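These notes are about the structure you will find just below.
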Amino acid sequence: MKRFFMLVLLVFTFLQMSNAVVAGEAKPLAEDPVIEARLKAMSQELRCLVCQNTTLADSSAPLAEDLRKEIREQLRAGKTDKEVIDYLVARYGDFVRYRPPVNNETALLWFGPFLILIIGGFVLYRVLKKHAGNDEIQGEDA
Amino acid sequence: MSRMAKFLIPLALFLIAVGFLFKGLFLDPHEVPSPLVGKPAPVFQAPILSEAGKTFNSADMKGKVWLLNVWASWCGACKDEHPVLMEMAKTNKIATYGLDYKDTDADAQAVLLAQGNPYKATFTDVEGKIGIDYGVYGVPETYVIDKAGVIRYKQIGPITDEILLTKIVPLLKELEK
Amino acid sequence: MIPEIGHFALILAFCFAIVQGIFPLYGVWKNQSGLMNLAVPAARAQFFFIAVAFICLDYSFYANDFSVLYVASNSNSHMPLAYRLAALWGGHEGSMLLWVSILAVWTIAVTLFVKDLPETFRVRLIAVMGLVSIGFLAFVIFTSNPFERLIPAALDGRDLNPLLQDPGMVFHPPVLYMGYVGFSVAFAFAIAALLDGRLDIAWARWTRPWTTAAWVFLTLGIAFGSKWAYYELGWGGWWFWDAVENASFMPWLVGTALIHSLAVTEKRDAFKVWTVLLSISAFSLSLLGTFLVRSGVLTSVHAFATDPGRGLFILIYLVVVIGGALLLFAFRAPSVGLGEKFDVVSRESMLLSNNVVLVAAAGSVLLGTMYPLLMDALGAGKISVGPPYFDAVFVAIMAPGLFLMGLGPLAKWKKASLPEIGTRLKLAGVISVVSALLIPFAMGKITLMTAVGVFLGVWVVSTTLILLRNRIKTRQAASANLLENIKGIPLAFYGMLLAHFGIGVFILGVTLVKGFESEQDLRMEVNDVAKVGNLAFQFKGVQELPGPNYLSSKGTFSVSSNGKEISVLHPEKRFYPVQGSVMTEADIDAGVIKDKYVSLGEPLENGAWSVRIYIKPFVQWIWMGAILMALGGILALADRRYRIVNKKAAKEAQDAQEAFEA
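These protein sequences, in sequence, are chains A, B and C. Start counting the first sequence at 341; every next residue gets the next number (my numbering). Start counting the second sequence at 113; every next residue gets the next number (my numbering). Start counting the third sequence at 70; every next residue gets the next number (my numbering).
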């Protein structure tokens with residue numbers, strides 16, 4: 341039984357190999373996988389301007405394709421991620437970045453939720469203290 | 113009353129939000145203002161449509177006030193804008209240059225032939241490279257560039273008669289001074 | 070004729086909504102039982118006429134009546150019948166009709182199940198539902214009439230947006246709206262209680278099942294939507310933090326908080342002001358979501374035809390409904406008592422800490438959604454707030470909450486001891502830390518994100534299981550009959566366990582797919598093979614096939630594992646001639662461990678195609694988790710203390726429950 345199984349496996353492997361001779365290996369669309377990975381990571385945080393609610397990575401709009409091409413070329417020319425993003429922001433504004441910059445204007449956005457958490461926690465603690473301490477709570481506020 | 117004060121906080125927050133929402137009704141979230149306004153227009157060289165072999169250099173425009181209208185034969189809104197551009201060329205004598213964006217020369221020429229040519233000259237940007245430099249994200253778009261080569265205004269979407277009269281014409285008058 | 074009947078029915082429904090909303094309230098005020106008694110029949114009449122309108126509109130879709138503008142804009146005679154019928158909610162006008170229809174369904178449910186409530190309270194409750202309905206019916210009739218005629222009639226319709234021609238369209242919107250609109254019941258309970266001056270344990274107990282029911286629908290609705298996006302959009306994303314997604318997620322977060330604070334209020338008569346505020350907020354966020362989607366103030370993938378006039382209408386409505394509710398709240402809240410005593414460390418305090426976390430999380434979603442609008446309104450420029458923001462802020466806020474989720478259910482009511490909880494959870498802690506190190510390692514790489522995510526997921530799952538074991542053990546001490554003991558635990562408790570378990574499963578799914586998914590962009594000629602790990606994808610070519618209302622380029626891929634074919638996938642590229650649009654239909658071999666996801670790109674030269682192949686490990690756990698959460702909610706609803714046959718039985722059930730839990 342075991343031997344039969346091995347045989348089947350061998351035949352299968354052989355078929356697979358012969359198949360592989362006819363069939364080519366699929367080629368990546370990109371020439372340089374390292375640059376492609378950087379492009380991918382970067383373009384996932386950039387907004388497609390035409391369709392507006394898709395990332396540059398996932399959009400198939402022509403402008404998105406052009407921009408990806410442009411980014412690819414710039415990366416190939418040795419620019420850093422930051423330089424490329426600055427290049428895009430200079431042309432399209434902060435609108436292209438899905439990760440808004442942290443500055444005075446966006447402080448509330450970035451830190452507001454944590455502020456709610458801290459204030460909420462503090463208020464809850466105080467109210468709980470009041471609750472735990474006072475036996476005649478029922479009439480206290482009524 | 114002071115007791116009530118803290119319970120009015122949710123209402124106050126809500127009303128502030130309503131204020132912003134109301135304002136938001138009159139804003140267009142699709143319009144992305146260009147950070148290039150007030151900055152020097154990117155310099156480019158491009159082939160001139162229908163003049164084979166000739167190249168236009170935008171640096172040559174120093175000292176002139178001009179409009180750069182980005183358009184394409186495949187763009188629907190450009191057809192709506194076309195009569196306004198014709199009007200501008202005829203009556204207002206505005207120096208409008210076309211940038212034919214991601215298009216074929218044959219298609220672009222066919223359109224200009226059929227509908228009239230409002231441009232002093234049209235340059236071609238087959239690859240869309242100049243478009244990227246100018247931050248074009250939809251056609252038509254129009255840039256007003258002053259004598260020093262600084263972008264003073266960007267119109268996203270077609271120029272309408274109203275925009276022409278209320279924004280572009282007054283601006284040009286001021287810039288020509 | 071049929072559309073006119075529908076339109077007329079809608080106007081009649083509007084009239085009955087006015088009767089239902091205004092007369093009974095006046096009746097309660099003046100103590101006139103005649104007017105009070107109008108509430109229920111008016112609600113029924115309203116429901117009837119909305120149903121007539123709904124049926125008339127769907128009949129027009131069924132009959133391909135392209136003399137109705139809305140049908141002509143959203144349907145086509147070549148569309149399959151199921152999609153034609155679902156196209157009713159494919160556009161703005163019809164989806165608003167769906168909105169009011171679902172509100173009417175909830176209203177009818179309320180009239181059927183609240184017979185035992187005190188009369189004034191019950192009448193006010195139904196009247197508030199009527200008031201909510203008035204605004205939306207007016208909105209439909211005056212700004213968004215779906216029955217408007219198109220003269221001359223169109224020869225054929227403009228087709229439904231091909232993105233929406235999907236089975237997801239049949240289920241996702243109605244279920245989502247059931248959730249969204251369902252919070253109107255908790256809202257109406259809150260307003261009726263504020264008007265009645267009876268914010269008490271009974272009010273909390275009545276509100277609970279309605280809140281849970283709406284929450285179950287919302288959970289399922291959001292999960293359906295996410296699943297739909299996953300296979301329909303062709304790039305394997307399942308959540309984008311899009312404005313519309315956020316609009317449904319905020320009520321979910323606040324609704325989840327509400328379920329937990331209701332537990333405290335029902336138990337201790339405490340935190341009533343907070344609970345009532347949450348009840349108002351959950352529905353307010355639903356309404357805000359409706360505004361954000363319909364008014365066009367935000368960009369979204371779910372583009373409804375937008376128009377500032379409609380936006381203004383909804384905004385005024387928001388001011389009246391939410392503003393009125395919050396004003397009433399401000400008047401009544403100061404006189405509400407604090408309730409019973411409990412300790413700083415107790416089940417109660419744990420439940421309320423969960424509220425702080427969930428509200429802060431909802432705050433981050435709200436801020437992220439509204440901030441671009443805020444900046445723009447202040448003239449501070451345009452920004453985008455997208456996934457990187459939410460992944461950072463939302464996740465950072467939720468993480469401590471998820472940790473607390475493990476502790477909370479083990480804490481005793483009234484007074485708990487942290488060291489004791491600690492001892493009980495030692496095992497769960499060890500299991501979680503070990504998994505956090507081992508699982509990412511086994512899958513290839515450890516990052517902070519995957520380690521923390523796996524830790525939290527396993528933590529939630531294991532603490533839940535320990536909780537179950539403890540519960541059974543406690544009962545075993547009293548009697549040795551294991552089966553009896555398992556059966557004796559109330560369903561609500563199992564519901565809680567299951568929902569929490571679902572959260573754990575969900576977290577694991579999210580963490581593992583985010584940490585270990587892979588994507589390949591390939592150029593494939595016919596018979597080319599793409600190897601991904603031990604999988605091989607062979608491209609067998611593309612066939613041109615006609616569909617009912619589209620042309621399909623259907624690819625065939627044979628997927629094999631170690632040389633053995635395990636599945637055949639047919640991703641498609643569809644061209645819809647009516648709207649001239651191209652859709653990508655990915656094909657997925659879904660599995661518990663991983664999904665194999667193939668999507669067809671563009672044709673290249675020599676019969677080659679660009680192809681995207683994704684491997685998405687554990688992605689299905691995301692939706693399994695959501696379904697478990699919803700099932701948990703359903704179990705809680707099935708608990709006998711909500712199956713109120715009569716007041717006495719309910720009271721007995723409640724007493725038994727309390728005696729048990731004490």
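We put the beta carbon where it would ideally sit given N, CA and C, even for glycine. Remember, predicted model here, so these are calculated numbers, not experimental data.
- For the stretch 437 to 468 of chain A, no residue has a beta-carbon sitting nearer than 8 Å to a beta-carbon of chain B.
- One finds Pro368, Leu369 and Ala370 in chain A with Cβ atoms closer than 7 Å to the Cβ of aspartate 590 of chain C, taken in chain order.
- Distance between valine 574 of chain C and valine 637 of chain C, taken at the CA atoms: about 28 Å.
- By the neighbour-count criterion, in which 16 or more other beta carbons inside 10 Å mark a residue as buried, methionine 698 of chain C falls on the buried side.
- Using a Cβ-Cβ cut-off of 7 Å, leucine 389 of chain A counts as an interface residue toward chain B, since at least one Cβ of chain B sits closer than that to its own.
- Residues Val182, Ala184, Asp237, Gly243 and Val251 of the same chain have their beta carbon placed closer than 6 Å to that of tyrosine 213 of chain B, with the five preceding and five following residues left out of the count.
- Contact of lysine 118 of chain B with chain A by beta-carbon distance below 8 Å is absent, the smallest such distance being about 10 Å.
- Here phenylalanine 156 of chain B has Ser170, Ile242 and Asp245 as same chain residues with Cβ atoms under 7 Å from its own Cβ, once five neighbours each way along the sequence are excluded.
- DSSP links glutamine 607 of chain C through a beta bridge to C:Val598 and C:Ser627.
- Distance from tyrosine 209 of chain B to alanine 233 of chain B at the Cβ level is roughly 6 Å; contact confirmed, criterion being Cβ atoms closer than 8 Å.
- Here the alpha carbons of tryptophan 272 of chain C and threonine 334 of chain C stand approximately 9 Å from one another.
- For lysine 341 of chain C, no Cβ of chain B is located within less than 7 Å of the residue's own Cβ.
- Non-local beta-carbon contacts of tryptophan 297 of chain C in its own chain, meaning distances under 7 Å to residues more than five positions away in sequence, involve Asp235, Gly237 and His241 in chain order.
- Nearest Cα to leucine 479 of chain C within the set C:Ala695, C:Ser504, C:Arg538 and C:Val523: C:Arg538.
- Residue contact with chain A for valine 238 of chain B: absent (no Cβ-Cβ distance below 7 Å to any residue of chain A).
- For alanine 699 of chain C, the enclosing alpha helix (DSSP H) starts and ends at 689 to 707.
- Along the stretch 399 to 427 of chain A, the positions whose C-beta sits under 8 Å from a C-beta of chain B are Pro402, Leu403, Asp406, Leu407 and Glu410, read in chain order.
- For tryptophan 304 of chain C, the nearest CB of chain A lies under 7 Å from its own CB, placing it at the interface with that chain.
- Taking a C-beta distance under 7 Å as the contact criterion, serine 129 of chain C and valine 137 of chain C qualify as a contact pair.
- At a cut-off of 7 Å between beta carbons, valine 182 of chain B makes no contact with chain A.
- For phenylalanine 168 of chain B, the secondary structure class from DSSP, reduced to helix, strand or coil, is strand.
- In this structure valine 680 of chain C is in contact with leucine 669 of chain C, their Cβ atoms being roughly 6 Å apart against a cut-off of 8 Å.
- Check the Cα spacing between lysine 623 of chain C and each of C:Tyr300, C:Ala82, C:Leu194 and C:Asp656: the tightest is with C:Asp656.
- Counting along the chain, valine 651 of chain C sits inside the beta strand (DSSP E) bounded by residues 650 to 654.
- Not a single CB atom of chain B sits nearer than 7 Å to the CB of glycine 364 of chain A.
- Ranked by how close their Cα comes to the Cα of leucine 327 of chain C, the residues C:Trp308, C:Tyr299, C:Ala312 and C:Ala282 have C:Ala282 in first place.
- Within a 10 Å sphere around the beta-carbon of glycine 247 of chain B sit 16 or more other beta-carbons, which makes this residue buried.
- By the Cβ neighbour-count rule, aspartate 311 of chain C is buried, with 16 or more other Cβ atoms within 10 Å of its own.
- For leucine 536 of chain C, the enclosing alpha helix (DSSP H) stretches over residues 517 to 547.
- Of all residues in the stretch 376 to 398 of chain C, the ones placed with a Cβ closer than 8 Å to any Cβ belonging to chain B are Pro377, Gly380, Leu381, Leu384, Leu387, Val388, Ile391, Gly392, Leu395, Leu396 and Phe398, in chain order.
- Against chain B, the beta carbon of alanine 155 of chain C has no neighbour under 8 Å; the closest one sits roughly 28 Å away.
- Contact annotation for alanine 472 of chain A against chain C: Lys410, Phe411, Asp412 and Val413 [CB-CB distance below 8 Å, chain order].
- In summary, the residues of the stretch 242 to 253 of chain B whose CB is separated from some CB of chain A by less than 9 Å are Gly243, Ile244, Asp245, Tyr246, Gly247, Val248, Tyr249 and Gly250, in the order they occur in the chain.
- Shown here for asparagine 596 of chain C: not one same chain residue has a beta carbon closer than 6 Å to its own, the five before and five after excluded.
- Of A:Leu396, A:Glu371, A:Pro368 and A:Val390, the smallest CA-CA separation from lysine 380 of chain A is found for A:Leu396.
- Using a Cβ-Cβ cut-off of 9 Å, phenylalanine 360 of chain C is close to Leu133 of chain B, given in chain order.
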